[in-house]
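Q:
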Ligand code: ATP
Ligand code: MG
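Here is the structure:
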C-alpha cells in the first residue's frame, strides 16, 4: 500500500447522513450502482446537490478513492463550492486528492503534467483574451492587413471557434484551398484568416503559450495520440461526474470519451432548457448522444424544485413552454408554497428603472435582508453601468461578476507582463508590452532590430538580447550590434536582477519590489496625478497595491493547501509564480468570458452579473433588468439562425429560475443607449406570459408602473 492509499483510506462520512434529507428520486440517483448515468432535470431540482452527494457516496459506500474521481463543473466558483460542500462530509485528505475542476482547469493540470509530450515546454503560460487580441493585431499589421476592415478581436474569436471544432491552421488552410478550387470565387476574408491563423499558431508555439481553446484541443490531441498517457488516465479516473452537461461542446464531449476507460463510469447531469452557450459551440443534443455512445446508461429524473416559490416557477414554466426544441418536457413544481407575486416593473425610462431597482434594494436592506442574498441580472454587461451609478448614489455596496475585469486593466497587465517574462522567456507578447514601459528609449527601430535577430536565430527576443550580450563582449563585435546592445543593456540588467531577486523573497514581497524597481509604481502614480485621480479614486497606483495583496492572499491559500500543486503527477512542481499566473488567468474569467472573477467579497454586497454568469447559482431576491425588446431576446442575429430565439428564451428561463423568494422583472419604455434615445418596450417574452394569463384569475405576477 502506498502512502497515497493510506491517506485515502482515512475514515469518511456516515452513509445514512449522506442520503438524509434527499427525496426518493434523489436518493435513487445518489445510491445508483456503479454505472453510466444521465440525469436530466429542471432548474433547482437538486442536480448539483445529487452530484455532490454522489461523490461522497462513491467514497463512503463503494470505497472509491478520492483520487480516482473527476468532477467537472462549469465555473471555478462552482468547483470551489463543490469542494467546500464535499469538505463538509469528508476529511481534508479526500477533498485534497479529488479533482473537482472546470474543463479548462482539468486539461491544464494534464498539460502541466505532460507538457513535453504535448509539445510544450514546462512553465508555459496562458494567453488570455487580451493577449490573444494583441497577438492577432501584431500579426495582421505584419501582414499589412487593414485592421479597420477586419477587427483583430473578430479574427481572434474565429480562431478560437476553429480550435473548438478541433480544426488546426493546416486543416483550415486545406479547406480554404478546397473552397477556392471548387467555388472559383474570391474567398478574401477566409484566406486572410487562414494566413493569420497559421502565423498565430506558429508564434504561440514559439512563445510557449496556449490560449483557452488550445488548452482543450491540445489535451484532446495528446490523449488521442498517446495511448500510454490515455491508459494512465483511464486507469485513474474510475468515476467521472459532469455538472451542466447541456453546455458541453464537441471537444469537451470527446475529452470525456477519452478520459473514461472501459471500466470507468460517467455520470452527467443537465437541463436542456438551460442550454445557453450554443453560440460557443455547446450542444445540448450531447445528452442524446451520451445515451448512444456510453453503454448501459441508467436514467434518473428529478422533478421537485426546492429552490423557488410556485409563482416564480409558473412564470418560468409559462415562458419555456413556447420552445419546441426540448429534449424533455418538464413542468417545474415546487415545495415552497405560492409565495409573493412576481413584480413586473414597467418603467418610463432606464433612469427610472435604475432608481426603482436601487430603491427596492434599499427597502430590502432596511428590512434587514443581507445584500449578498440579492442579485441584479442583465442580458449584457453594458447594462450594468446605470445600476452601478444608482447603487453607488444610494450607498449600497455591490460586486460585479465578470464585468469589471481587474486583471484586464492596463496597469495590471503591464505588471503581469513583467512577471510572465520571468517565468517564460519565450513570451514575446509580454516582452513587447513592457520593453519600453516605462519609457526607456527603446523605440520601434530597436525593437525591429531585435525581432530580426530573433527571427534569424529562431529564438525569442529575450534570447536575442542574451545572444547580443554574449556577442558584444567579444572584441571583434560589429559596431551596430554594440550600439544596439547599449540601447537595451539597462533593460537586460533589470531583467537579470529581477530573475535573481525572485528566488530570494516571498512572492508578494517580490511583486512589490518588482513594481518599484521597474518604475511601474512611479509611472502609474504620475499618470494618476496628471488625470487628477486621488489614491481613493480607484487609481492605477492603488490597483497595483491590490495586486500585491492578491498575491499575498494567493500565497496564504497555497500554504493552506487550497490551491494544489499537483505532486502526484510526474511533472516538475511548478514554481509559485507560474502557479499564480495560471490561476489568475483561469479565475479571472478566461474560459468563460462572462464568468469573471468570483472572489468572495470581504463585506456584504449586492451581486451584479449577466444572466449567463448566474447559471447554477441562486439568490433569495432576483432583479432581472432590461427585460426588453431587442435586449432579451437580443436583436443580434446568432450564427445558429432560427434557434437563437429559443436560446434567448432559455436564457430568460435561467434568469427567472435563479430566484428563491422574490423576483422582479423590469423593463424601460425608453432607453438611452450609446447616446441615442430608443423606444424599445417590453420583451416579447413578457407579452407572451401576460397573454397566457389573459383570462386567468390566478396570475403569478403583478404589473407595477414606475414613472
Ligand atoms: P440548477 O438547474 O439551477 O443548476 P440544480 O438542479 O443543480 O439547479 P441545486 O442547486 O442542486 O439544483 O439545488 C437547488 C436548491 O435546492 C439548493 O439550495 C439545494 O440545497 C436545495 N435542495 C436540493 N435538494 C434538496 C432536498 N432534498 N431538500 C432540501 N433542499 C434541497
Ligand atoms: Mg446546478
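In the UniProt record's numbering, the protein residues as written are 1 to 707.
Yeah, the Cβ is synthetic: ideal placement off N, Cα and C, and Gly gets one too.
Can you tell me whether residue 658 sits near the ligand ATP, meaning its C-beta is under 8 Å from at least one heavy atom of the ligand?
A: The answer is yes for residue 658.
Q: Closer than 8 Å by C-beta to residue 136: which residues in its own chain qualify, once you throw out the five before and the five after it? Chain order, please.
A: Only 152, 153, 155, 156, 159, 196, 200 meet the Cβ criterion.
Q: If you drop the 5 nearest sequence neighbours on each side, which residues of the same chain put their C-beta closer than 7 Å to that of residue 53?
A: So the list reads 18, 22, 30, once near-sequence residues are dropped.
Q: Quick check: is any heavy atom of the ligand MG less than 8 Å from the C-beta of residue 243?
A: Residue 243: yes, Cβ under 8 Å from the ligand MG.
Q: Roughly how many angstroms lie between the CA atoms of residue 420 and residue 285, to the nearest whole one?
A: When rounded, the distance between both Cα atoms is 40 Å.
Q: For residue 698, which of helix, strand or coil comes out of DSSP?
A: Correct three-state label for residue 698: coil.
Q: Runs of 4 residues minimum, wholly inside the region 417-453: which ones carry the alpha helix (DSSP H) assignment?
A: Complete alpha helix (DSSP H) runs here, min 4: 428-434.
Q: Considering only their Cβ atoms, is the gap separating residue 480 from residue 425 smaller than 9 Å?
A: Going by C-beta atoms, residue 425 is not nearer than 9 Å to residue 480.
Q: Hey, which unbroken runs of the alpha helix (DSSP H) at 4 residues or more fall wholly within the region 297-374?
A: With a minimum length of 4 residues, the continuous alpha helix (DSSP H) runs that stay inside the region 297-374 are 310-320, 350-366.
Q: I need the DSSP call for residue 376, collapsed to helix, strand or coil.
A: Strand at residue 376.
Q: My output table needs one value for residue 586: the three-state DSSP class, helix, strand or coil.
A: Correct three-state label for residue 586: helix.
Q: Looking at C-alpha atoms only, which residue of 388, 80, 91 is the closest neighbour of residue 59?
A: Nearest C-alpha to residue 59: 91.
Q: Mind listing, in chain order, the continuous alpha helix (DSSP H) runs of no fewer than 4 residues lying wholly within the region 223-252?
A: For the region 223-252, whole alpha helix (DSSP H) runs of length 4 or above, ordered along the chain, are 227-236.
Q: Assuming residue 655 contacts residue 74 under a Cβ cut-off of 8 Å, what Cβ separation, rounded to an integer in Å, is found between them?
A: Actually they do not touch by this definition, with Cβ atoms about 16 Å apart.
Q: What are the partner residues of residue 671, as DSSP defines its beta bridges?
A: Paired residue(s): 678.
Q: Taking DSSP as the reference, what is the three-state secondary structure of residue 292?
A: Residue 292: helix per DSSP, three-state reduction.
Q: Since residue 543 is in the alpha helix (DSSP H), which residue starts that stretch and which ends it?
A: Segment 540-559, the alpha helix (DSSP H) holding residue 543.
Q: For the alpha helix (DSSP H) that residue 512 lies in, which residues bound it at each end?
A: Residue 512 -> alpha helix (DSSP H) spans 507-517.
Q: In this structure, how does DSSP classify residue 688 when only helix, strand and coil are distinguished?
A: Residue state, collapsed to three classes: helix.
Q: Just verifying my parser: in three-state terms, what is the DSSP assignment at residue 662?
A: Note: residue 662 maps to strand in three-state DSSP.
Q: Is residue 299 near the ligand GDP, with its Cβ less than 8 Å from a heavy atom?
A: Because the ligand GDP does not appear in the structure shown, any question about it cannot be addressed here, the ligands present being the ligand ATP and the ligand MG.
Q: Apart from the five residues just before and just after residue 301, which ones in its own chain have a Cβ nearer than 8 Å to its Cβ?
A: Here the set comprises 25, 39, 40, 41.
Q: Three-state secondary structure (DSSP) at residue 492?
A: Correct three-state label for residue 492: helix.
Q: Starting from the C-beta of residue 730, find all residues in its chain whose C-beta is less than 6 Å away, skip the five residues before and the five after it, and write them out in chain order.
A: Outside the displayed range of the chain (1 to 707) lies residue 730, so it cannot be described from this structure.
Q: If you draw a straight line from the C-alpha of residue 212 to the C-alpha of residue 128, how long is it?
A: Straight-line Cα distance between these residues: approximately 7 Å.
Q: By Cβ distance, which residues of its chain are closer than 6 Å to residue 599, with the 5 residues on each side in sequence left out?
A: Confidence in residue 599 is poor, its pLDDT being 43 and thus under 50, which makes the residue's placement too unreliable to answer from.
Q: Just to confirm before moving on: does the CB-CB distance between residue 36 and residue 71 stay below 9 Å?
A: No.
Q: Hey, is residue 330 close to the ligand MG, as in C-beta under 8 Å from one of its heavy atoms?
A: Because no heavy atom of the ligand MG lies under 8 Å away, the Cβ of residue 330 does not count as near it: no.
Q: What ranges does the alpha helix (DSSP H) occupy inside the region 92-142, keeping only unbroken runs of at least 4 residues that lie completely in it?
A: Correct list: 92-97, 103-113, 129-142.
Q: For residue 371, which residues of its own chain have a beta-carbon under 6 Å away from its beta-carbon, when the five flanking residues on both sides are left out?
A: Result list for residue 371: 604, 605, 606, in chain order.
Q: Give the straight-line distance between the Cα atoms of residue 783 and residue 392, rounded to the nearest whole angstrom.
A: A query on residue 783 cannot be resolved here, the shown segment of the chain reaching from 1 to 707 and no further.
Q: Assuming residue 578 and residue 123 make a contact with CB atoms under 8 Å, what is their CB distance in whole Å?
A: Indeed they touch by this definition, with Cβ atoms about 6 Å apart.
Q: Among the residues of its own chain, which have a CB less than 6 Å from the CB of residue 667, if the five just before and after it don't count?
A: Within the same chain, residue 667 has close Cβ partners 627, 628, 682.
Q: What are the residues that DSSP puts in a beta bridge with residue 634?
A: 630, per the DSSP bridge assignment.
Q: Opposite residue 619 in the DSSP bridges: which residues?
A: The partner list for residue 619 (beta bridge, DSSP) reads 659.
Q: Does the separation of the CB atoms of residue 257 and residue 103 fall below 9 Å?
A: Against a cut-off of 9 Å, the Cβ pair of residue 103 and residue 257 comes out as no contact.
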